[in-house]
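Numbering (my numbering), first residue to last: 39 to 321.
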């Protein structure tokens, strides 16, 4: 029953809110949705909570050496989907380039079916895996603030919130070109990061080394990433976009829903956050 219900609800709702541009194209093509019924509105980030702090303070909290160069990743360690095998292969290349340098790959999060991943990282002094779900947002924020750069090696994403949190913390991002990533870093370096091909450890390693080897570039990219988060993804900015889409009578331009004498009860908004592995949107 899910497929016919999904198709009917998508085609007959008053509007669709979709985060990723690639997903908008897929939904319109699959369901025949009119362009005026779709708004590209991304997931927000609370830039007041996710913000830069002194790296030395964050590192002291977790006993990370001040002279280390740190690459961070956080999320559920679904090895294939999140490209963690690619990240570890790239990390081997980074470490081979600087065998005498203090380098650390910091990975935060846990999940199911991680036995192979655990076997690969255990005993590696240049990888620290915080193997638990971090419920405390302030702790996760502090972990991110220990890093010099954030890595997103995913093969598949909907709209990736994890790198957005890192950007709000002032981290440059090196990301694989999974769906939704191009929306985050539309301007590439100008928006605070580098996009590399998926499943390419050499390209990922080269981009990470470019940031790790140039502290001035890392600082500048981090500043741009934070500005991008503030200007495009803050609660205020995203909330304004939602308001203009849901209440079109209050605005004179933009993507609008049809008018109605009844305001909220009339509308049925379907939030298409991501595309799952079978090609269906979650709403």
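Where a beta carbon is used, it is the ideal one built from N, C-alpha and C, also for glycine.
Given a threshold of 16 other Cβ atoms within 10 Å of its Cβ, counted over all protein chains shown, does residue i qualify as buried or as exposed?
{"i": "residue 323", "result": "This structure cannot speak to residue 323, because the chain is shown only from 39 to 321."}
{"i": "residue 186", "result": "buried"}
{"i": "residue 273", "result": "exposed"}
{"i": "residue 41", "result": "exposed"}
{"i": "residue 147", "result": "buried"}
{"i": "residue 95", "result": "exposed"}
{"i": "residue 176", "result": "exposed"}
{"i": "residue 134", "result": "exposed"}
{"i": "residue 161", "result": "exposed"}
{"i": "residue 57", "result": "buried"}
{"i": "residue 196", "result": "buried"}
{"i": "residue 112", "result": "buried"}
{"i": "residue 266", "result": "buried"}
{"i": "residue 115", "result": "buried"}
Taking only the alpha-carbon atoms, compute the straight-line gap between residue i and residue j and give it to the nearest angstrom.
{"i": "residue 283", "j": "residue 198", "result": "22 Å"}
{"i": "residue 257", "j": "residue 50", "result": "48 Å"}
{"i": "residue 88", "j": "residue 248", "result": "25 Å"}
{"i": "residue 74", "j": "residue 271", "result": "22 Å"}
{"i": "residue 255", "j": "residue 46", "result": "49 Å"}
{"i": "residue 136", "j": "residue 158", "result": "20 Å"}
{"i": "residue 240", "j": "residue 228", "result": "23 Å"}
{"i": "residue 243", "j": "residue 132", "result": "6 Å"}
{"i": "residue 71", "j": "residue 65", "result": "7 Å"}
{"i": "residue 144", "j": "residue 169", "result": "11 Å"}
{"i": "residue 79", "j": "residue 285", "result": "15 Å"}
{"i": "residue 215", "j": "residue 178", "result": "25 Å"}
{"i": "residue 154", "j": "residue 221", "result": "32 Å"}
{"i": "residue 232", "j": "residue 138", "result": "26 Å"}
{"i": "residue 259", "j": "residue 180", "result": "19 Å"}
{"i": "residue 62", "j": "residue 149", "result": "29 Å"}
{"i": "residue 84", "j": "residue 108", "result": "24 Å"}
{"i": "residue 206", "j": "residue 226", "result": "16 Å"}
{"i": "residue 182", "j": "residue 268", "result": "17 Å"}
{"i": "residue 97", "j": "residue 90", "result": "13 Å"}
{"i": "residue 141", "j": "residue 82", "result": "32 Å"}
{"i": "residue 130", "j": "residue 164", "result": "9 Å"}
Between the options, which has its C-alpha nearest residue i's C-alpha?
{"i": "residue 203", "options": "62, 263, 249", "result": "263"}
{"i": "residue 234", "options": "205, 225, 191", "result": "191"}
{"i": "residue 152", "options": "211, 210, 118", "result": "118"}
{"i": "residue 93", "options": "86, 87, 85, 102", "result": "102"}
{"i": "residue 43", "options": "277, 69, 108", "result": "69"}
{"i": "residue 276", "options": "41, 45, 46, 55", "result": "55"}
{"i": "residue 184", "options": "242, 124, 166", "result": "166"}
{"i": "residue 86", "options": "188, 148, 76, 208", "result": "208"}
{"i": "residue 237", "options": "58, 96, 124", "result": "124"}
{"i": "residue 250", "options": "106, 261, 59, 77", "result": "106"}
{"i": "residue 213", "options": "196, 182, 206, 246", "result": "246"}
At which residues does the alpha helix (DSSP H) containing residue i begin and terminate?
{"i": "residue 226", "result": "Segment: none, residue 226 is in no alpha helix (DSSP H) and carries neither H nor E."}
{"i": "residue 127", "result": "122-135"}
{"i": "residue 60", "result": "59-69"}
{"i": "residue 240", "result": "239-250"}
{"i": "residue 73", "result": "Residue 73 -> no alpha helix (DSSP H), and no H or E assigned at all."}
{"i": "residue 324", "result": "Because the chain here runs from 39 to 321, residue 324 falls outside it and cannot be looked at."}
Which residues does DSSP pair with residue i in a beta bridge?
{"i": "residue 233", "result": "213"}
{"i": "residue 190", "result": "213"}
{"i": "residue 110", "result": "144, 188"}
{"i": "residue 168", "result": "146"}
{"i": "residue 47", "result": "Paired residue(s): none; residue 47 is not in a bridge."}
{"i": "residue 83", "result": "272"}
Starting from residue i and walking both ways along the beta strand (DSSP E), at which residues does that stretch end?
{"i": "residue 76", "result": "76-78"}
Is residue i a contact residue of the ligand SAM, with contact defined as CB to any heavy atom under 8 Å?
{"i": "residue 95", "result": "Looking for the ligand SAM in the displayed structure turns up nothing, as the structure carries no ligands at all."}
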